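Novice: Numbering (full-length UniProt numbering), first residue to last: 1 to 406. In this text, a Cβ means the ideal position worked out from N, Cα and C, and glycines have one as well. Note that this is a predicted model, so its numbers are computed, not measured. I have a structure here, written as structure tokens, and I will follow up with some questions on it.
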């Protein structure tokens, strides 16, 4: 490898894309095209970066399997950053296998990390964790170690293992300082802010207060009966009853949980569950049916008993009943939680990440745009949506799989 290529590669490794381009910007050989592509990615021109990397992969000869595999890994990283979740994951897995076979353990580890990051993003935590299981990052360069620890921290945060998350973030911060790459240091600092930002509200006995992630973890292990409005479930330390597909039942459960130990008037329940302003006889009949269904769903955790003026929640054993709510109640909060990362998303990528239909996501985006909460650019398949991060918005608890460790 000639000296200019070597110097450009070193510049990219230290986060200096302009320094790299000074050495290879006018060259069209395969190694230079690959380095130019990575440099453009670091500068944020992802479209140009992708085109250059594709050209580089074609330019490398059939005997240069490692070089082509490295281009695939770089393309995968661009796809992840641009939230192209439909990018073929099998191609990345094949590239990782090639790199491992030829002894390029650093880039193979980077490919493994990208696989885990994608799985984490779409809430497949068990698979993400298995990608990193048994891998020792201590032999990696500092930048690679920091990236590995960020994914480890992300998995721990989604599982609400806050001690493990803080330990991983501390290791990431140490590695980022060693790498001395400003962009990486900022990424670690942004990830660490999650731990010190209110993630939810606790509503109990008519009062409410903000909770950090550690507080949420302690609450879910406390034995209290929790009506979890972040995941639309009712839970205690040993059991979870999901009402995610039963919005009327969850609306009733939340109203009863917020009022506990008092009861809730029938007119209030009708308004919360059905949107009715006045409880006529048809509303009362429907309310009785839905309360009966709620009793069946919650039978192992609590009863819903009738009172003179309405209904009350009665836990099966003595304990507190609390509601865990997002800091801000927003009907499209899950969509905003993904957009709050500051990246631009397509509606199809959001649908993959949320596990929802593209049409459902598109309706949410249109309503958010009409309210001025998101904005889009581009047209057709190139249309992307984004919003500036909202201070204090509950990005973690609304993401898929965030409470699956309990």
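Where residue 312 and residue 206 are concerned, what is the direct C-alpha to C-alpha distance, given to the nearest angstrom?
Specialist: Between residue 312 and residue 206, the C-alpha separation is close to 14 Å.
Novice: Under 7 Å between the Cβ atoms of residue 143 and residue 184?
Specialist: Yes, the Cβ-Cβ distance between residue 143 and residue 184 is below 7 Å.
Novice: Are the beta-carbon atoms of residue 107 and residue 148 separated by less than 7 Å?
Specialist: No, Cβ-Cβ distance for residue 107 and residue 148 is not below 7 Å.
Novice: Quick check for students: name the residue ranges of the alpha helix (DSSP H) that lie wholly in the stretch 12-61, counting only runs of 4 or more.
Specialist: Correct list: 17-24, 30-43 and 46-59.
Novice: Consult DSSP for residue 310 and reduce its assignment to one of helix, strand or coil.
Specialist: Correct three-state label for residue 310: strand.
Novice: Considering Cα atoms alone, identify which of 190, 163 and 306 is closest to residue 341.
Specialist: That would be 190, whose Cα lies nearest to the Cα of residue 341.
Novice: What did DSSP end up calling residue 352 once you bin it into helix, strand or coil?
Specialist: Of the three classes helix, strand and coil, the one that applies to residue 352 here is helix, per DSSP.
Novice: Taking the continuous beta strand (DSSP E) assigned at residue 447, which residues delimit it?
Specialist: With the chain represented from 1 up to 406, any question about residue 447 goes unanswered, as that position is not in the structure.
Novice: Go ahead and label residue 305 buried or exposed: buried means 16 or more other beta carbons lie within 10 angstroms of its beta carbon, across all protein chains shown.
Specialist: Exposed.
Novice: Tell me the residue span of the alpha helix (DSSP H) that contains residue 477.
Specialist: There is simply no residue 477 to check, as the chain begins at 1 and stops at 406 in what is shown.
Novice: Quick one: measure Cβ to Cβ for residue 216 and residue 199, integer angstroms, because I've assumed they're closer than 8 Å.
Specialist: Contact holds; Cβ gap of about 6 Å.
Novice: Could you tell me the alpha carbon to alpha carbon distance between residue 141 and residue 379, rounded to whole angstroms?
Specialist: Those two C-alpha atoms are separated by around 41 Å.
Novice: Classify residue 318 as buried or exposed, calling it buried when 16 or more other Cβ atoms lie within 10 Å of its own Cβ.
Specialist: The residue is exposed, with fewer than 16 neighbouring Cβ atoms inside 10 Å.
Novice: So, does the stretch 164-181 touch the stretch 110-124, judging by three or more C-beta pairs under 8 Å?
Specialist: As far as the Cβ criterion goes, the stretch 164-181 does not touch the stretch 110-124, which means the pair count is below three.
Novice: Just mark residue 280 as buried or exposed, buried being the case when its beta carbon has 16 or more other beta carbons within 10 Å.
Specialist: The residue is exposed, with fewer than 16 neighbouring Cβ atoms inside 10 Å.
Novice: Taking the straight line between their C-alpha atoms, what separation do you get for residue 10 and residue 36?
Specialist: Their backbone Cα atoms lie some 13 Å apart in a straight line.
Novice: Among residues of its own chain, excluding the 5 on either side of residue 136, which ones have a beta-carbon nearer than 6 Å to its beta-carbon?
Specialist: The answer is none, since no qualifying residue turns up.
Novice: What residue range is occupied by the uninterrupted alpha helix (DSSP H) comprising residue 344?
Specialist: Here residue 344 belongs to no alpha helix (DSSP H), and DSSP marks it neither H nor E.
Novice: Can you tell me the Cα-Cα spacing of residue 75 and residue 68, whole angstroms?
Specialist: Rounded to whole angstroms, residue 75 to residue 68 spans 11 Å at the Cα level.
Novice: Near residue 95, which residues of its chain fall below 7 Å by C-beta distance, leaving aside the five closest residues on each side in sequence?
Specialist: Answer for residue 95: 69, 72, 73 and 111, listed in chain order.
Novice: State the Cα-Cα distance for the pair residue 234 and residue 256, rounded to the nearest angstrom.
Specialist: Approximately 12 Å between the Cα atoms of the pair.
Novice: Which of helix, strand or coil does DSSP assign to residue 392?
Specialist: At residue 392 the pLDDT is 39, less than 50, meaning the model places this residue with poor confidence; the figure from the coordinates comes in the next sentence. Coil.
Novice: Provide the residue span of the beta strand (DSSP E) that contains residue 210, from first to last.
Specialist: Unbroken beta strand (DSSP E) run through residue 210: 207-211.
Novice: Do the stretch 33-51 and the stretch 11-21 make contact, defined as three or more Cβ pairs closer than 8 Å?
Specialist: Yes, the stretch 33-51 is in contact with the stretch 11-21.
Novice: For residue 61, which of 13, 30, 52 and 51 has the nearest alpha-carbon?
Specialist: Minimum Cα distance to residue 61 is reached at 30.
Novice: Using the beta-carbon count (16 or more within 10 Å), is residue 104 buried or exposed?
Specialist: Answer is buried; the Cβ neighbour count reaches 16.
Novice: Assuming residue 336 and residue 308 form a contact by the criterion Cβ under 8 Å, report the distance between their Cβ atoms to the nearest whole angstrom.
Specialist: In fact, because the Cβ distance is near 41 Å, the residues do not count as touching under 8 Å.
Novice: Can you tell me whether DSSP reads residue 140 as helix, strand or coil?
Specialist: Three-state DSSP puts residue 140 in coil, outside helix and strand.
Novice: Label residue 264 either buried or exposed according to how many other C-beta atoms from any shown protein chain fall within 10 Å of its C-beta, with 16 as the threshold for buried.
Specialist: By the neighbour-count rule (16 or more Cβ atoms within 10 Å), residue 264 is buried.
Novice: Pull up the distance between the alpha-carbon of residue 382 and that of residue 97, whole angstroms please.
Specialist: Looking at the two C-alpha atoms, the distance is approximately 32 Å.
Novice: Skipping 5 residues on each side, what residues in its chain have a beta carbon closer than 6 Å to that of residue 393?
Specialist: Note that residue 393 has pLDDT 41, beneath the 50 cutoff, so the model's placement of it is unreliable and no number is given.
Novice: Where DSSP assigns a beta bridge to residue 385, which residues make up the other side?
Specialist: Answer is 345 and 376, bridged to residue 385.
Novice: Just curious, the alpha helix (DSSP H) that residue 169 is in, first and last residue?
Specialist: Segment 162-179, the alpha helix (DSSP H) holding residue 169.
Novice: List the endpoints of the continuous beta strand (DSSP E) containing residue 233.
Specialist: That run of the beta strand (DSSP E) goes 233-235.
Novice: Measuring CA to CA, which of 118, 129 and 332 is closest to residue 90?
Specialist: Checked all of 118, 129 and 332; the closest Cα to residue 90 is 118.
Novice: Considering Cα atoms alone, identify which of 352, 82, 322 and 46 is closest to residue 334.
Specialist: Among 352, 82, 322 and 46, the Cα nearest to that of residue 334 is on 352.
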